[in-house]
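What follows is a set of notes on a single structure, which appears directly below.
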Amino acid sequence: MTQVLRRGRASLAFAFFAQGVAFAVLVTRIPAIQDHYRISDGLLPAFLAAVPVLAGVGSVSTEHLVRRVRPSRVLRWSQPLVLLALLGVAAGDRVWQVAVALGLFGLCVGALDASMNMLGVSLQHAYGRSIMLGFHAAFSLGGIVGASVAWAGAHWELSLLTTYLPVVVVLLPAALAGSRRYVDGSRADSVQGAAPGAFAPAPEAVAFRLLLPLCLVMAFAYIGDSTVSNWSAKYVKDVLGGSDQLSTVPYNVYMATTLVGRALGDLGVRRFGAVGVVRCGTVVAALGFAVVAGAPGAWSGILGFTLLGLGLCVLVPQTFAAAGRRATERYGPGASDAAVARLNVFNYVGFLVGSPLVGALGDAWSYRAAMLVPMVLVLVTLCYARSFAPQDDAAPASPGGAPAASDGAAAG
35 MTQVLRRGRA SLAFAFFAQG VAFAVLVTRI PAIQDHYRIS DGLLPAFLAA
85 VPVLAGVGSV STEHLVRRVR PSRVLRWSQP LVLLALLGVA AGDRVWQVAV
135 ALGLFGLCVG ALDASMNMLG VSLQHAYGRS IMLGFHAAFS LGGIVGASVA
185 WAGAHWELSL LTTYLPVVVV LLPAALAGSR RYVDGSRADS VQGAAPGAFA
235 PAPEAVAFRL LLPLCLVMAF AYIGDSTVSN WSAKYVKDVL GGSDQLSTVP
285 YNVYMATTLV GRALGDLGVR RFGAVGVVRC GTVVAALGFA VVAGAPGAWS
335 GILGFTLLGL GLCVLVPQTF AAAGRRATER YGPGASDAAV ARLNVFNYVG
385 FLVGSPLVGA LGDAWSYRAA MLVPMVLVLV TLCYARSFAP QDDAAPASPG
435 GAPAASDGAA AG
């Protein structure tokens, strides 16, 4: 594998890491943001909902934007804007100022998420083997680092600006420097020895029916993820009788096992194929929800959240990879970017639906029973597992007649 691809892979992994840090330091300090700007409890949900809604707008806009410019350029400038918006959240003192900063954060994070995954899918195609899970592992590592920074800020009672400023000062120049080594799909092809050609823009339309199974999987995976991030602490404390200190453990364990699962997941895809890994992850995640729902105590509930991290962690990266591959097989070069941008919207759909859904069912029914709903939704992935395989269960032939390497086969 050439040095260009290796450098492109490393720089993109850092972009995922930086986004993980930025997102974590924002969401884990929401109570401090609310106190700083004196946002009422009634108004706070509107602020929180606006971010994923605007992120969806940003992702859709990116689908159209990449018809004219390379995804690497979108990523190069959206990531600094996300970091500056994060700083803006901490720098103001009026509600309208934080509203503008969060709005900019949402729009730019949609473009950032979409363009990062576009580059990840194109690099995986160039490598000829699964590497997407490694990028998302970098995001999980960034999330752990960001949550730790936020914890330190809360522990030493630092202001938001004092907490966020060092994060931006460190990440912003590093992200800009790394962005010079991003590798787009057409450049990756030229590195691999294919005809470099001109920039291949996304087609005018990618049939939604082609992506529908993967869109559902993406939404259901994020419903599961948002259930853990929003309800695990409350569930362990109020339902399972854990202490305040113990209630912080489930999400930390979930993030740690997500990191481990993604760090090792690419090896599993190369050995057993994407379909096998997705099926295994789905079953493990469903088992995790079942253990959580039936847990007699806090520690057994934490075991369930541990299983959830190991199971859910593989679904999102493999869904992006499958969408890019299916679009390319159907429409040719450039279609992958449009498919990834459209699929990315369902990331935010799942995030918006998951937390209110579990909360409403918990209040109206019981929180134990509510945990079974995301379990059933995640299990639907088994019905769509074949969507993660290359068409006709075989890699398409290369121009020279030899079969091209699939995502599940090691090459290079």
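For what it's worth, this note's numbering labels the leading residue of the sequence shown as 35, then goes sequentially. Quick reminder that beta carbons are idealized off the backbone N, C-alpha and C, glycines included. Just so we're clear, the structure is a prediction, and the values are computed from it rather than from any experiment.
**Request:** Kindly confirm or deny that the stretch 403-415 and the stretch 133-152 touch, where touching means at least three C-beta pairs closer than 8 Å.
**Result:** no
**Item:** Residue interval of the alpha helix (DSSP H) (run including Lys268)
**Value:** Phe242 to Lys268
**Request:** Return helix, strand or coil for Ser213, following the three-state DSSP convention.
**Result:** helix
**Asked** Any C-beta of chain B sitting closer than 8 Å to the C-beta of Val287?
**Response** Structure shown: chain B not included; a single protein chain is present.
**Asked** Can you give the Cα-Cα distance for Gly162 and Ala308, rounded to whole angstroms?
**Response** 13 Å
**Prompt:** Around the C-beta of Leu244, are 16 or more other C-beta atoms found within 10 angstroms, so that it is buried, or is it exposed?
**Reply:** buried
**Item:** Between the CA atoms of Lys268 and Leu395 - distance to the nearest angstrom
**Value:** 14 Å
**Asked** Taking the continuous alpha helix (DSSP H) assigned at Ser164, which residues delimit it?
**Response** It is not in any alpha helix (DSSP H) - Ser164 carries neither H nor E in the DSSP assignment.
**Item:** Span separating the alpha-carbon of Leu141 from that of Gly90
**Value:** 8 Å
**Asked** Taking Cβ positions, are Arg296 and Ser45 nearer each other than 8 Å?
**Response** no
**Request:** Tell me, to the nearest whole angstrom, how far the beta carbon of Thr291 is from that of Gly343; I am working on the premise that it is less than 8 Å.
**Result:** 3 Å
**Asked** Shortest alpha-carbon distance to Gly338 belongs to which of Ala241, Pro284 and Val303?
**Response** Pro284
**Message:** Tell me which residues share the same chain as Val202 and place their Cβ nearer than 6 Å to its Cβ, disregarding the 5 neighbours each side in the sequence.
**Reply:** Leu117 and Leu121
**Cβ shell of Leu206 (< 7 Å), same chain only, five flanking positions each side left out** = Pro114 and Leu117
**Request:** Using three-state DSSP, classify Trp185 as helix, strand or coil.
**Result:** helix
**Request:** State yes or no: is the C-beta of Ala398 within less than 8 Å of the C-beta of Glu97?
**Result:** no
**Prompt:** Ordered along the chain, which non-local residues of its own chain (more than five positions away) have a Cβ less than 6 Å from that of Thr340?
**Reply:** Val287 and Thr291
**Message:** Using only the alpha-carbon positions, how far apart do Arg360 and Trp190 sit?
**Reply:** 49 Å
**Request:** Note the first and the last residue of the continuous alpha helix (DSSP H) segment covering Val414.
**Result:** Per DSSP, Val414 belongs to no alpha helix (DSSP H) and is neither H nor E.
**Alpha-carbon to alpha-carbon, Pro390 and Phe233** = Caution is warranted here: a pLDDT of 49 is assigned to Phe233, below 50, making its placement in the model unreliable, and the coordinate value is therefore given only provisionally. So the two alpha carbons sit approximately 42 Å from each other.
**Asked** If Val55 sits next to Gly180, beta carbons under 8 Å apart, how far is it from one beta carbon to the other, in whole angstroms?
**Response** 4 Å
**Request:** Pair every Cβ in the stretch 245-253 with every Cβ in the stretch 372-385, then say whether three or more of these pairs are closer than 8 Å.
**Result:** yes
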